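**Q** Sharing a structure below in structure tokens format, with a few things to ask.
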Amino acid sequence: YPFNSIQGVTIRCRISRDKHGVDRGLFPTYYLHMERDDRKFFLLAARRRKRSTTSNYVISCDATDLSRDAESFAGKLRSNFLGTQFVLYAGGKRARRGDMSAPVRSRASIRSTDSENFDDSNASGHETLRELAAVIYDTNVLGFKGPRRMTVLLPRMTSTDQHTEFGVGTTCLETLPYHCCSLQISLAHGLGQQRRTLLECWKHKSWDGLMELHNKSPVWNEDTQSYVLNFYGRVTQASVKNFQIVHDSDASYVVMQFGRVADDAFTMDYAYPMCALQAFGIALSSFDGKLACE
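Written as structure tokens, this is what we have:
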């Protein structure tokens, strides 16, 4: 996957948002550059698709071609209707009708509600896209002002530094121990043979190959009357979008951080086990408006 990280090394990046043009106020383009030795190197670009019922971002390795059919197509980020859950898919080949190797939607998948349905198929057939990350924003139903709370799901790295596969034909049931036959039968009755997705495995606490991360809780600063985090000089403007991602077992190790430095400029740093595509997708989810989180 694009630009994997190395253990012990933090990759420093910058995201610029381009709102110029007739419709880019609503559909801006985002550019990701890596910063090194006072220079910057282009990595990825993304833009929200216009005719989509939910937020849907196309991510490309080419800053000038953000088409889903282009060779430079790196992946896509898609949300549920409320904008509280996002799934990042890596780029893959589109399977045509009649291709028996393409994953098939189960009846339970078809019955799922719009707020939970992340179907990655289209009218021309199925896409064999692999899931690289999922982001869940806690709903703020009472309307209290405060920092967002995020859960980030990533496939664990294998012993050969490959991502565990999600979204390409396996099922959550396959990750259960063999002796859990009654539980397998119970889940199968309700789920059918769904593909093994990050969100489904997280909901059913099937942790095999799954890593759960959270945003680091900021602390209230009486002087500034705001919630603050220590970004070590990498973030200069307060924003509800600023965050750091950590693992519960070691809150001092920042896997990713993101924050505003100007009206349309943001820093994004990531470390092992994330890759640039995962970090960029998570950052894009922060830009999106959320009906139930603000």
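So in full-length UniProt numbering, spot 65 of the sequence shown is number 65, and the numbers just go up one at a time.
Yeah, the Cβ is synthetic: ideal placement off N, Cα and C, and Gly gets one too.
Owing to the predicted nature of the structure, the values given are computational and were not obtained by experimental measurement.
(1) Spell out the partners DSSP gives Ala262 in its beta bridges.
(2) In whole angstroms, what is the alpha-carbon distance linking Arg148 and Ile136?
(3) When the Cα atoms are used, what is the spatial distance from Ser285 to Phe86?
(4) Could you pull out every residue in the same chain whose Cβ sits closer than 6 Å to the Cβ of Asp269, ignoring the five residues on either side in sequence?
(5) Considering Cα atoms alone, identify which of Ala265, Asn230, Tyr272 is closest to Lys33.
(6) Under the three-state reduction of DSSP, which class applies to Trp207: helix, strand or coil?
(7) Is the Cβ-Cβ distance between Gln237 and Val261 less than 9 Å?
(8) Thinking C-alpha only, which one of Arg49, Phe41, Lys40 is nearest Asn29?
(9) Taking buried to mean at least 16 other C-beta atoms within 10 Å of its own C-beta, is Gly167 buried or exposed?
(10) Which of the three DSSP states is assigned to Ile282 in this structure?
(11) Assign Leu267 to buried or exposed, taking buried as 16 or more other Cβ atoms, counted over all protein chains shown, within 10 Å of its Cβ.
(12) Use the C-beta contact count for Glu131: other C-beta atoms within 10 angstroms, 16 or more gives buried, fewer gives exposed.
(13) Helix or strand or just coil, what does DSSP make of Glu200?
(14) May I have the straight-line CA-CA distance separating Ala63 from Thr151, to the nearest angstrom?
(15) For Leu154, which beta-bridge partners are listed by DSSP?
(16) In the structure shown, what three-state DSSP assignment does Leu26 receive?
(17) For Leu66, which of helix, strand or coil comes out of DSSP?
(18) Please say whether Leu44 and Ala271 have beta carbons closer to each other than 9 Å?
(19) Assign Thr197 to buried or exposed, taking buried as 16 or more other Cβ atoms, counted over all protein chains shown, within 10 Å of its Cβ.
(20) Considering just the uninterrupted stretch of the beta strand (DSSP E) at Ala238, what are its terminal residues?
(21) What three-state label does DSSP hand Leu44 in the structure shown?
(22) What would DSSP say about Phe287, mapped onto helix, strand or coil?
(23) What residue from Arg47, Arg51, Cys61, Asp138 has the CA that sits closest to Thr84's CA?
(24) Mind reading off the beta-carbon distance from Ile59 to Ala74? Whole number of angstroms is fine, and I expect it under 8 Å.
(25) Pull up the distance between the alpha-carbon of Pro218 and that of Phe42, whole angstroms please.
(26) Once you ignore the five residues that flank His247 on each side, which residues in its own chain have a CB closer than 6 Å to its CB?
(27) Output the boundary residues of the beta strand (DSSP E) element that contains Tyr227.
(28) Determine the DSSP secondary structure at Met100, reduced to helix, strand or coil.
**A** In short, the structure shows the following:
(1) Start at 1 with the first residue of the sequence shown, and residue 262 comes out as number 262. According to DSSP, Ala262 bridges with Ala265.
(2) For this step, residue 148 is matched to residue 148 along the sequence shown. For this step, residue 136 is matched to residue 136 along the sequence shown. C-alpha separation (whole angstroms): 10 Å.
(3) Your numbering for residue 285 matches position 285 in the sequence shown. Your numbering for residue 86 matches position 86 in the sequence shown. Using only the alpha carbons, I get a separation of about 7 Å.
(4) Translated into the one-based positions of the sequence shown, residue 269 becomes position 269. If we look at Asp269 and ignore the five residues flanking it on each side, its Cβ neighbours are Thr10, Arg12, Gln257.
(5) By one-based count along the sequence shown, residue 33 stands at place 33. This sequence places His at residue 33; Lys is not what is there. The residue with the shortest Cα to Cα distance from His33 is Ala265.
(6) In the sequence shown, the residue the question calls residue 207 occupies position 207. Coil, per DSSP.
(7) Residue numbering aside, residue 237 sits at position 237 when the sequence shown is read from its first letter. Residue numbering aside, residue 261 sits at position 261 when the sequence shown is read from its first letter. Contact flag set, yes.
(8) Numbered from its first residue, the sequence shown carries residue 29 at position 29. The amino acid at residue 29 is misidentified as Asn; the sequence shows Thr. Of Arg49, Phe41, Lys40, the residue nearest in Cα terms is Arg49.
(9) Reading the sequence shown from its first residue, position 167 is the one you call residue 167. So Gly167 ends up on the buried side.
(10) On the sequence shown, residue 282 is found 282 positions in, with the first residue counted as 1. It is helical.
(11) Within the sequence shown, numbered from 1, the residue matching residue 267 stands at position 267. It is worth fixing the name first, because residue 267 is Thr in this sequence and not Leu. Buried, since its Cβ has 16 or more Cβ neighbours within 10 Å.
(12) Along the sequence shown, read from residue 1 onward, the residue named residue 131 stands at position 131. Classification of Glu131: buried, given that the 10 Å Cβ count is 16 or more.
(13) Against the sequence shown, residue 200 aligns to sequence position 200. Three-state DSSP puts Glu200 in a helix.
(14) For the purposes of this step, residue 63 is identified with residue 63 of the sequence shown, where counting begins at 1. For the purposes of this step, residue 151 is identified with residue 151 of the sequence shown, where counting begins at 1. Taking the straight line from one Cα to the other gives about 29 Å.
(15) Position 154 of the sequence shown holds residue 154. According to DSSP, which records beta bridges pairwise, Leu154 is partnered with Met211.
(16) Locating residue 26 in the sequence shown gives position 26, counting from the first residue. In this structure, Leu26 counts as coil in the three-state DSSP scheme.
(17) Numbered from its first residue, the sequence shown carries residue 66 at position 66. Coil.
(18) Locating residue 271 in the sequence shown gives position 271, counting from the first residue. Locating residue 44 in the sequence shown gives position 44, counting from the first residue. Judged by their CB atoms, Ala271 and Leu44 are not nearer to each other than the 9 Å cut-off.
(19) Position 197 of the sequence shown, counting from 1, holds the residue named residue 197. Its Cβ being crowded by 16 or more others within 10 Å, Thr197 is buried.
(20) Taking the sequence shown and counting its residues from 1, one reaches residue 238 at position 238. First-last for Ala238: undefined, no H or E at that position.
(21) Counted from its first residue, the sequence shown places residue 44 at position 44. Strand.
(22) Residue 287 sits at position 287 when you count from the first residue of the sequence shown. For Phe287, the three-state secondary structure derived from DSSP is helix.
(23) As a first step, residue 84 must be located in the sequence shown, where it is residue number 84. If we check each option's Cα against that of Thr84, Asp138 comes out closest.
(24) Here residue 59 is taken as the residue at index 59 of the sequence shown, counted from 1. Here residue 74 is taken as the residue at index 74 of the sequence shown, counted from 1. Right, the Cβ-Cβ distance comes to about 5 Å (below 8 Å), so this counts as a contact.
(25) In the sequence shown, the residue the question calls residue 218 occupies position 218. In the sequence shown, the residue the question calls residue 42 occupies position 42. When rounded, the distance between both Cα atoms is 31 Å.
(26) Position 247 of the sequence shown holds residue 247. If the five residues before and after His247 are omitted, its C-beta is found closer than 6 Å to the C-beta atoms of Leu213, all from its own chain and listed in chain order.
(27) The residue labelled residue 227 in the question sits at position 227 within the sequence shown. Unbroken beta strand (DSSP E) run through Tyr227: 226-228.
(28) For the purposes of this step, residue 100 is identified with residue 100 of the sequence shown, where counting begins at 1. In this predicted model, Met100 has a pLDDT of only 30, less than 50, meaning its place in the structure is not dependable; the value taken from the coordinates is given anyway. For Met100, the three-state secondary structure derived from DSSP is coil.
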